[in-house]
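Some notes on the structure that comes next.
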């Protein structure tokens, strides 16, 4: 049981390049989330998917797109990377079950845009 | 979203109890109080949550004020591995509402 996995762990991009961050969970969770964390700050929600086939914008969606490929996988795409997108990106998942909707987080992807 | 207020940082000696406060004066009746922590270079992890009554688990205890406008996360014996940023988060009881993170409290543990 790997939990939430993210690839890659590290990435350096040049301004204008594109890339996709991959996230997968093996806990049969319905909901998945993408957050970013800038130095010294808390996490901010980019997009989330309440269930397979649905996605919703979070607090900071501009410059990103997401795909909920199936129940296990939720990818985040940067179409044209900018230095302001330098951050650590965390994926999370949760089961919908009353108050026990604990979110489980992946180890993060550290992205630098030059 | 209801907001929480936490001290920016706290310090504790190893093997002593730690009380991490959180104020949430605008909490609504259906908001649960969740605590997560983030160890260095890792993603956040769940610690504990509660609604009205005090809660205990293997990691910590959660003490909730009678008026629910504040709560305290209690680590009974701090270890070096407890050094982390601790986040107090209010979350409505609707299954897939995303967590909204503040800046949390950075706990340092001194050997």
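Residue numbers (this note's numbering), protein chains in the order written: chain A, 1 to 114; chain B, 115 to 225. Note that the Cβ used here is the ideal one computed from N, Cα and C, for glycine as well.
Tell me, please, whether the CB atom of residue i is closer than 7 Å to any CB atom in chain B?
{"i": "residue 83(A)", "result": "no"}
{"i": "residue 48(A)", "result": "yes"}
{"i": "residue 107(A)", "result": "yes"}
Output yes or no for whether 7 Å exceeds the beta carbon distance between residue i and residue j.
{"i": "residue 4(A)", "j": "residue 89(A)", "result": "no"}
{"i": "residue 136(B)", "j": "residue 156(B)", "result": "no"}
{"i": "residue 73(A)", "j": "residue 24(A)", "result": "yes"}
{"i": "residue 215(B)", "j": "residue 201(B)", "result": "yes"}
{"i": "residue 212(B)", "j": "residue 48(A)", "result": "yes"}
{"i": "residue 141(B)", "j": "residue 164(B)", "result": "no"}
Any beta carbon of chain A sitting closer than 7 Å to that of residue i?
{"i": "residue 217(B)", "result": "yes"}
{"i": "residue 206(B)", "result": "no"}
{"i": "residue 135(B)", "result": "no"}
Between the options, which has its C-alpha nearest residue i's C-alpha?
{"i": "residue 191(B)", "options": "175(B), 205(B), 206(B), 217(B)", "result": "175(B)"}
{"i": "residue 188(B)", "options": "118(B), 129(B), 143(B)", "result": "129(B)"}
{"i": "residue 138(B)", "options": "185(B), 180(B), 194(B), 195(B)", "result": "185(B)"}
{"i": "residue 30(A)", "options": "92(A), 2(A), 114(A)", "result": "92(A)"}
{"i": "residue 75(A)", "options": "95(A), 83(A), 52(A)", "result": "52(A)"}
Starting from the C-beta of residue i, find all residues in its chain whose C-beta is less than 7 Å away, skip the five residues before and the five after it, and write them out in chain order.
{"i": "residue 11(A)", "result": "19, 109, 111"}
{"i": "residue 159(B)", "result": "150, 151"}
Excluding the 5 residues flanking residue i on each side, which residues of the same chain have their C-beta closer than 8 Å to its C-beta?
{"i": "residue 197(B)", "result": "153, 154, 221, 222, 223"}
{"i": "residue 122(B)", "result": "217, 219, 220"}
{"i": "residue 54(A)", "result": "68"}
Excluding five sequence neighbours on each side, which residues of the same chain lie with their C-beta closer than 6 Å to the C-beta of residue i?
{"i": "residue 17(A)", "result": "81"}
{"i": "residue 171(B)", "result": "162"}
{"i": "residue 183(B)", "result": "139"}
Whole beta strand (DSSP E) runs in the segment 124–211 of chain B with 3 or more residues, listed along the chain?
Listed in chain order, the complete beta strand (DSSP E) runs (minimum 3 residues) inside the segment 124–211 of chain B are 132–137, 145–152, 159–164, 175–178, 184–189, 198–206.
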